[in-house]
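Please read the structure below before turning to the comments.
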Amino acid sequence: MANVPLVSLKAGAKLPKIGYGNGTALFKSDSTTLVEGALKAGFTLIDTAEMYENSGYVGEALKSSKHETQVIAKIGTLSKIKQVAVEERKLLGKDRLNVLLLHLPPRGLDGLPSNVEAWKQMQELKDEGVADIIGVSNWLKSDIEDVIKTNPKHPIQINQIEHHPLLAGSQKQQKLLAYQREQGIASTIYGALTPITEKPEESKNLLSVLEAIAKQESGWSPATVLFKWASQTTKHGNSADEEGIIITTGKKTERYPGYLSLFNSRPLTDEEVKKVSDAGSQAGVHKVRMLKYFDGRDE
Ligand SMILES: NC(=O)c1ccc[n+]([C@@H]2O[C@H](COP(=O)([O-])OP(=O)(O)OC[C@H]3O[C@@H](n4cnc5c(N)ncnc54)[C@H](OP(=O)(O)O)[C@@H]3O)[C@@H](O)[C@H]2O)c1
């Protein structure tokens with residue numbers, strides 16, 4: 059069984075530092091065999107979402123797990139938060155959802171609840187025992203502030219965000235990360251490999267920096283450096299176990315052992331982190347996913 063370090067959340071719960079996601083290439087497809095393979099390889103954190111339309115398959119795969127497994131569920135239909143949470147719990151075959159997130163900020167737009175109203179419903183779901191850890195995804199600093207201002211009984215524990223070195227030069231991302239650290243909100247990170255998977259042309263200089271760092275350690279690749287960078291640059295506290303949680307995915311099972319042992323080798327040095335950040339900032343690209351929710355706020 060792989061020895062994946064745990065990340066401590068401020069409210070005391072712990073989650074593995076890397077999890078397997080059901081979006082991307084698994085989006086809207088039968089992911090049963092792939093999730094079973096990920097569980098067999100040693101993943102014990104599985105990320106899913108109502109929007110991926112495969113929670114039933116994940117629930118099926120979870121039955122094969124020989125180890126205790128934690129699931130992140132995300133609600134996309136923000137007009138029906140409580141109903142969807144209960145439906146997802148049933149599809150996933152869980153008594154309680156380990157982690158429940160609002161997939162997007164509702165912002166009171168198009169008849170949706172305000173961020174504050176939506177968070178009130180999330181707190182009720184926790185009080186009713188539907189979910190243990192509650193949080194958000196793709197929320198900006200100003201979205202989180204809406205809720206913090208109300209001094210909620212249950213704080214936002216997690217924000218699931220896109221994060222990679224191309225965002226190192228984004229003021230908005232830096233403001234968000236600094237605020238999350240101040241508030242003790244943990245990050246779960248998607249898109250850590252974006253410079254390789256989505257923007258290789260724009261990332262040529264960055265990729266050569268990643269290669270030069272990877273070359274120094276046996277078993278490292280540019281992807282290793284990107285995952286470590288993403289986790290180390292999203293700390294929610296000062297302890298070593300308060301770094302970001304990586305959510306990745308993939309159909310190539312041969313990559314899984316590398317993912318699961320990722321954090322058993324040394325961290326990047328401060329100098330390496332800076333080199334990667336600088337090269338990422340210079341690429342001139344910022345956010346790649348969910349741009350609609352990122353633009354026009356927190357400038
Ligand atoms: N909250 C949100 O809004 C949100 C948004 C997006 C994603 N997510 C979650 O995060 C999960 C991971 O997202 P992501 O896809 O963005 O993660 P990622 O870790 O950035 O990329 C994973 C992809 O990279 C490919 N890959 C791995 N190593 C590679 C290499 N060396 N060269 C080329 N391709 C490589 C994998 O495919 P193969 O290994 O099959 O080649 C896989 O398709 C999703 O499945 C989902 O659960 C959440």
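Residues 59 to 357 in our numbering are what the sequence shown spells out, letter by letter.
All C-beta atoms, glycine included, are put in the ideal place defined by N, C-alpha and C.
Next item on the list: Assign H358 to one of two classes, buried (16 or more other C-beta atoms within 10 Å of its C-beta) or exposed (fewer than that).
Entry: Past the edges of the chain, shown from 59 to 357, lies residue 358, and the structure says nothing about it.
Next item on the list: Please state whether DSSP places G151 in a helix, a strand or coil.
Entry: One-based indexing of the sequence shown puts residue 151 at position 93. Of the three classes helix, strand and coil, the one that applies to G151 here is coil, per DSSP.
Notebook entry, point to check: Is T102 buried or exposed, if buried means 16 or more other CB atoms sit within 10 Å of its CB?
Noted result: Numbered from its first residue, the sequence shown carries residue 102 at position 44. By the neighbour-count rule (16 or more Cβ atoms within 10 Å), T102 is buried.
Check: Comparing the CB of D201 with every heavy atom of ligand 1, is any distance shorter than 7 Å?
Finding: One-based indexing of the sequence shown puts residue 201 at position 143. D201 Cβ: outside cutoff for every heavy atom of ligand 1.
Item checked: Alpha-carbon to alpha-carbon, K273 and F85 -> The sequence position of residue 85 within the sequence shown is 27, counting from 1. The sequence position of residue 273 within the sequence shown is 215, counting from 1. Straight-line Cα distance between these residues: approximately 33 Å.
Notebook entry, point to check: Can you tell which of Q241, T307 and I206 has its C-alpha closest to the C-alpha of Y248?
Noted result: Against the sequence shown, residue 248 aligns to sequence position 190. Considering only alpha carbons, the answer is T307.
Margin query: Tell me the DSSP secondary structure of P325 in three-state form.
Written below: In the sequence shown, counting from the first residue as 1, residue 325 sits at position 267. Residue state, collapsed to three classes: coil.
Margin query: In the DSSP output, what is P74 paired with across the bridge?
Written below: For this step, residue 74 is matched to residue 16 along the sequence shown. Paired residues: L64.
Checklist line | L265 versus T255: straight-line alpha-carbon distance, rounded | finding: Counting from one through the sequence shown, the residue named residue 265 turns up at place 207. Counting from one through the sequence shown, the residue named residue 255 turns up at place 197. Just so you know, the alpha carbons of L265 and T255 end up roughly 11 Å apart.
Checklist line | Residues near L284 in its chain [Cβ-Cβ closer than 6 Å; skip 5 each side] | finding: For the purposes of this step, residue 284 is taken as the residue at position 226 of the sequence shown. So the qualifying residues of the chain are A250 and L251.
Next item on the list: Using the DSSP secondary-structure output, state which residues sit across from E126 in a beta bridge.
Entry: Translated into positions along the sequence shown, residue 126 becomes position 68. Beta-bridge pairing links E126 to no other residue.
Next item on the list: Consult DSSP for I206 and reduce its assignment to one of helix, strand or coil.
Entry: By 1-based counting over the sequence shown, the position of residue 206 is 148. It is helical.
Next item on the list: Check whether the Cβ of I305 sits closer than 7 Å to any heavy atom of ligand 1, and report yes or no.
Entry: Walking along the sequence shown from the start, residue 305 turns up at place 247. Ligand 1 has a heavy atom closer than 7 Å to the beta-carbon of I305.
Notebook entry, point to check: Per DSSP, what kind of secondary structure is T292 in: helix, strand or coil?
Noted result: For the purposes of this step, residue 292 is identified with residue 234 of the sequence shown, where counting begins at 1. T292 falls in the coil class under three-state DSSP.
Margin query: Using C-beta distances below 6 Å, list every residue in its chain close to E111, excluding the 5 sequence neighbours before and after it, in chain order.
Written below: What you label residue 111 is simply residue 53 of the sequence shown in a count that begins at 1. K86.
Next item on the list: May I ask which residues mark the beginning and end of the alpha helix (DSSP H) holding T90?
Entry: On the sequence shown, position 32 is the one that residue 90 refers to. Element bounds for T90: T90 to A99.
Check: Using the rule of at least 16 other Cβ atoms within 10 Å of the residue's Cβ for burial, across every protein chain shown, is G342 buried or exposed?
Finding: As a position in the sequence shown, residue 342 is number 284, starting the count at 1. Classification for G342: exposed.
Margin query: Taking the alpha carbon of L198 as the reference point, which residue from L162, S339, E118 and A298 has its own alpha carbon closest?
Written below: If you number the sequence shown from 1, residue 198 lands on position 140. Cα-wise, what sits closest to L198 is L162.
Margin query: When you measure from the CB of M348 to every non-hydrogen atom of ligand 1, does any distance come out below 7 Å?
Written below: Along the sequence shown, one-based indexing puts residue 348 at 290. Answer for M348: yes, Cβ within range of ligand 1.
Next item on the list: Please go through the same chain and pick out, in chain order, the residues whose beta-carbon is closer than 7 Å to the beta-carbon of S339, but skip the five residues on each side of it.
Entry: Within the sequence shown, numbered from 1, the residue matching residue 339 stands at position 281. Once the five neighbours on either side are set aside, the close Cβ partners of S339 are A226 and G227.
Notebook entry, point to check: What do you reckon, is the C-beta of L251 under 7 Å from a heavy atom of ligand 1?
Noted result: What you label residue 251 is simply residue 193 of the sequence shown in a count that begins at 1. A distance criterion of 7 Å places the beta-carbon of L251 in contact range of ligand 1, judged by its closest non-hydrogen atom.
Next item on the list: Between the Cα of N173 and those of V188, Q128 and R165, spot the shortest distance and give me the residue it belongs to.
Entry: Taking the first residue of the sequence shown as 1, we reach residue 173 at position 115. The candidate whose alpha carbon is nearest that of N173 is R165.
Checklist line | Residue closest to R347, alpha-carbon to alpha-carbon, out of I139, S113, H222 and Q290 | finding: Locating residue 347 in the sequence shown gives position 289, counting from the first residue. Answer by Cα proximity: H222.
Notebook entry, point to check: So what's K132 in DSSP terms, helix, strand or just coil?
Noted result: The residue given as residue 132 occupies position 74 in the sequence shown. Looking at K132 - three-state DSSP - the assignment turns out to be strand.
Notebook entry, point to check: Under 8 Å, do V194 and I214 count as touching if we go by C-beta distance?
Noted result: The residue you call residue 194 lines up with position 136 of the sequence shown. The residue you call residue 214 lines up with position 156 of the sequence shown. Yes, they are a contact pair.
Item checked: Alpha carbon of K184 to alpha carbon of A176, nearest angstrom -> Locating residue 184 in the sequence shown gives position 126, where the first residue counts as 1. Locating residue 176 in the sequence shown gives position 118, where the first residue counts as 1. Computed Cα separation, rounded: 13 Å.
Notebook entry, point to check: Given 8 Å as the limit, is there contact between the stretch 62-79 and the stretch 299-317, that is, 3 or more CB pairs closer than that?
Noted result: yes
Notebook entry, point to check: Which of the three DSSP states, helix, strand or coil, is assigned to N156?
Noted result: Within the sequence shown, numbered from 1, the residue matching residue 156 stands at position 98. N156: strand per DSSP, three-state reduction.
Next item on the list: Could you tell me if A143 is buried or exposed, where buried requires 16 or more neighbouring beta carbons within 10 angstroms of its beta carbon?
Entry: By 1-based counting over the sequence shown, the position of residue 143 is 85. The residue is buried, with at least 16 neighbouring Cβ atoms inside 10 Å.
Item checked: Proximal residues to S200 (C-beta, below 7 Å), its chain only, five neighbours per side dropped -> Here residue 200 refers to the residue found at position 142 when the sequence shown is read from its first residue. Excluding residues within five positions, the ones whose Cβ falls inside 7 Å are R355 and D356.
Next item on the list: State the DSSP-derived secondary structure class of I304, mapped to helix, strand or coil.
Entry: Locating residue 304 in the sequence shown gives position 246, counting from the first residue. Correct three-state label for I304: strand.
Note to self: Which residues does DSSP list as the beta-bridge partners of Y110?
What the structure shows: Along the sequence shown, one-based indexing puts residue 110 at 52. Its beta-bridge partners do not exist; DSSP assigns none.
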